[in-house]
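Following: one structure in structure tokens, then a few remarks.
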């Protein structure tokens, strides 16, 4: 059962977001759920210094939890330096402010505990956003429509085991030693050849092998972004890219998309308003929408970036997973695209656990990339690189891709057919030509997080829209991935979601919920 | 042949550092050597805007290089936005200033090239320091006394191959899928057990497996450091730690060491002068000196950090490599050490190419670490973790360690005996009880970089002192590693170095060198 927000305290309710909910179906302990929400309210300045929190007894009664649960929540808030308890008087908001220059020595408290909260950087602070509140990705559901990740039951384990054994036998100790900072040369050569064969001429000297694509996002953030720099992203976009750029002080600005991707007029308007440092985009099978940019759209977006002197990072994470339609050239291969940073990964098409990705970067950046890698991770794992190279060189990647494309195409078809059958007509979705997920838009009155909480109770998991938005939004949208589950389970999951959506749409609006509601 | 600095231009020589040298024995192309040194002079404000560089013909004659080489150097400087050529008038310093807020749109130049130098962050800029000038670590010498890295010919490849095959066979596809953010649980349990057995009680819940130790330095930098934060480091210290902290804006402050490690009085003085965020240290077999802190010293350093509320990052990268003396407890295991961040790696004792390290962190930081990893690299490679775990669990790590300790102890003995035999009496060195390298101090008049240039010509490589200093210094010191070469080659290398040192000491001082010298 999901308890909607619960009202309490001296301030007037400002809206759902300021409320406290307890949800016993989440993996996060209840006391932490409470503490986290109060923390958010303090950090959002909903609660000012000196404000008295309800007594433990009061809050326990309102939230229908044990008093010890509230005690633990308040203790946690005290530990992280947000409240202070005065015996007999109550618990008060006493925010110890942490800022870039304002931290003070004295993190060793009198009681022997170390006050880390005084020392951690602002970039490490939680944003209290949906991914944290819901622990998305951490749960295990009966039907998993969340992750844009490959189905491990399809992994070509035997072929890979042979490749692995061969390279260990042939290369001996060298394969376990440090590799070069740029990556294993034969793998770079193979990748350069493959990219060139697909119409994107690339030299192996411009290729860096990374420990996955995520380190590529981190690297580009480190390389380009300074505090306050504007970064244009598709809206919605990949949430962990937002995280990677924000670590370096980026101000991500979402640019609206339509069925052909980024809307050029909107991008132009954004670029005209202020200087932008970077445009991050996924032109093919975009995450989370599955939308691909047309050739004309690609050219327009690239031209705008060139005109305004904005660097472009093109993420091709799942571009190999095309099930219909014709291949579109990456921005990198278009006229004027020579300086586009091109990011790719083996995690979506082979084995995510090997952590292998790659970045194509122009020579002007090689020196800086080498320096940054020296301090970040030295090099990618050599054994994994050599084994994947051997696997690919034997033609096993293409064989595997053909197989996976067939499986995924059927799963996508089942997903779309099931939605047609079970979703109310007010619900809309994208129909991608490839990739791993699609984007569902609900009527405005329906909150995807509410739907998710209900769906999890029934064993179905997905990623709600707010996760993918730089600046709020997406409340009535969600991403469904179709690569993890078999066809009949996808159909079953969609049927369950359809039931929830129909009930939500039928719900009378504006009627107060009977669950208790606390606003701080 | 090494050409010492060469005089030219309108300014008076200010000292060796402002000069330009060309060294054909270095792997770096000559034109880049010239460009890099002029770049340094511009960036150090030795050369101001508007200053006219010598004509290509003049500089080529002075440096005894081809005119096209100078042309390429100037073109490189123009490309990175430091000089501008006006046909018929010459080449002028025209620095395009790049600052946090000062970058402007318009990186797309009229000629179609993309001006990356306007977009890269300050943290990516080269420091023009010794590691860059000399490409340390990139060359291949006949006798390699540079890297504090393991000798691959000792790698226990057969045992590892078996462990690898076992886990792939037993775990199947799961081993190639994403692992958890914290790392492979059995490996964390094994590590926690091992640390606890060695007197440092650690829970597997406090352990994070990383893609090497370097990502741990990067992670701690990200976690704690904000622009301008003071970080205390041993002087000398590990150069890539300096790099990792500087990326996040750290101001590293070197604290003097003696034969027992950090001098507490000096640390106290530093802590009293200004607030410090972090102390980074390697209490056992410190890199580069090989020095270990005594128990009393460890307690004093920890107490100072606690008193001043400074976080401690303890790097135990090679603490398992003890050849004599008794094991010293890590700071983490001492009273009050519970909040010490403890960093370790498998790269020094097993296989660096697997890229596996680990970090012990207190619960207060787990949330932030999880968040930062989500945007940095998601997780460490699962296959590598599972294979190493199997290898360790079978007792093969301890067997291998025993073997390597024997080999390394003999190599260290040979190194020290050879130095006694061949080094002039004015030269001093540390005699570590373990680890991978030791520290040599030359008479003040001798420059270790000069010795290195000479040694490389004779096929011997080592790491010069300036590499390991946060704030200059180390000019007359160097690190010799003894883990990469066999005994007779170590002896041969030391004999060569001894010859160079004797000649340098015998050199009459203050006599001008006959090689041409250019000062800009």
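Chains as they are written, first to last, in the numbering used here: chain W, 1 to 520; chain Y, 521 to 1040.
Where a beta carbon is used, it is the ideal one built from N, C-alpha and C, also for glycine.
Since the model is a prediction, treat every value here as computed from it, not as a measurement.
Where residue 86 (chain W) is concerned, there is no enclosing alpha helix (DSSP H), although the beta strand (DSSP E) around it starts and stops at 83-86. At a beta-carbon threshold of 7 Å, none of the residues of chain Y lie near residue 70 (chain W); the nearest stands roughly 20 Å away. With a beta-carbon spacing of about 14 Å, residue 822 (chain Y) and residue 800 (chain Y) fall beyond the 8 Å limit used to define contacts.
Per DSSP, the beta bridge partners of residue 834 (chain Y) are Y:801 and Y:862. Using a Cβ distance threshold of 8 Å, residue 636 (chain Y) and residue 359 (chain W) do not count as a contacting pair.
Bounds of the beta strand (DSSP E) holding residue 776 (chain Y) are 771-778.
Residue burial annotation: residue 725 (chain Y) is exposed, with fewer than 16 other C-beta atoms found within 10 angstroms of its C-beta. At a cut-off of 8 Å between beta carbons, residue 698 (chain Y) contacts chain W.
The continuous alpha helix (DSSP H) containing residue 827 (chain Y) extends over residues 815-827.
Per the Cβ contact rule, the stretch 201-216 of chain W is not in contact with the stretch 397-410 of chain W (fewer than 3 Cβ pairs under 8 Å). Residue 745 (chain Y) reaches chain W at 121, counting residues in chain order whose Cβ is nearer than 9 Å. Counting C-beta pairs closer than 8 Å gives fewer than three between the stretch 897-914 of chain Y and the stretch 847-862 of chain Y, which falls short of the contact rule. Among the bridge pairs identified by DSSP, residue 754 (chain Y) is matched with Y:775.
At a beta-carbon threshold of 9 Å, the residues of chain W lying near residue 760 (chain Y) are 374, 375 and 378, ordered along the chain. At a cut-off of 8 Å between C-beta atoms, residue 439 (chain W) does not count as an interface residue with respect to chain Y.
Residue 190 (chain W) is not bridged by DSSP to any residue. Listed along chain W are 173 and 176, each with a C-beta nearer than 7 Å to that of residue 675 (chain Y). When the beta-carbon positions are compared, residue 126 (chain W) and residue 891 (chain Y) come within less than 8 Å of each other. Chain Y has no Cβ within less than 8 Å of the Cβ of residue 348 (chain W). Distances from the alpha-carbon of residue 225 (chain W) to those of Y:753, Y:567, Y:768 and Y:572 put Y:768 closest. Per DSSP, the continuous alpha helix (DSSP H) segment holding residue 386 (chain W) begins and ends at 382-393. Under the criterion of beta carbons closer than 8 Å, residue 785 (chain Y) and residue 826 (chain Y) do not qualify as touching, at roughly 17 Å. Looking at the backbone, the Cα of residue 1002 (chain Y) and that of residue 675 (chain Y) are separated by about 16 Å. When Cβ-Cβ separations below 8 Å define contact, residue 33 (chain W) makes no contact with chain Y.
Looking at Y:710, Y:977, Y:963 and Y:837, the one whose alpha-carbon comes closest to that of residue 736 (chain Y) is Y:837.
DSSP links residue 144 (chain W) through a beta bridge to W:461. Contact check for residue 148 (chain W) against residue 436 (chain W) passes: the beta carbons are separated by less than 8 Å. Taking a 10 Å sphere around the C-beta of residue 641 (chain Y), we find 16 or more other C-beta atoms and assign the residue as buried.
Take residue 475 (chain W), set aside five residues on each side of it, and the residues of its chain with a beta-carbon closer than 7 Å to its own are 447, 448, 465 and 466, in chain order. Taking all protein chains shown into account, residue 389 (chain W) has 16 or more neighbouring C-beta atoms within 10 Å of its C-beta and is therefore buried. Any Cβ of chain W closer than 8 Å to the Cβ of residue 685 (chain Y) would place that residue at the interface, and such an atom is present. Residue 495 (chain W) is not a Cβ neighbour of residue 428 (chain W), given a cutoff of 8 Å. For residue 160 (chain W), the chain Y residues whose Cβ falls inside 9 Å of its Cβ are 688 and 696, in order along the chain. Between residue 470 (chain W) and residue 275 (chain W), the beta carbon gap of about 17 Å keeps them out of contact (Cβ cut-off 8 Å).
The C-alpha of residue 592 (chain Y) is placed about 11 Å away from the C-alpha of residue 553 (chain Y). By the Cβ neighbour-count rule, residue 774 (chain Y) is buried, with 16 or more other Cβ atoms within 10 Å of its own.
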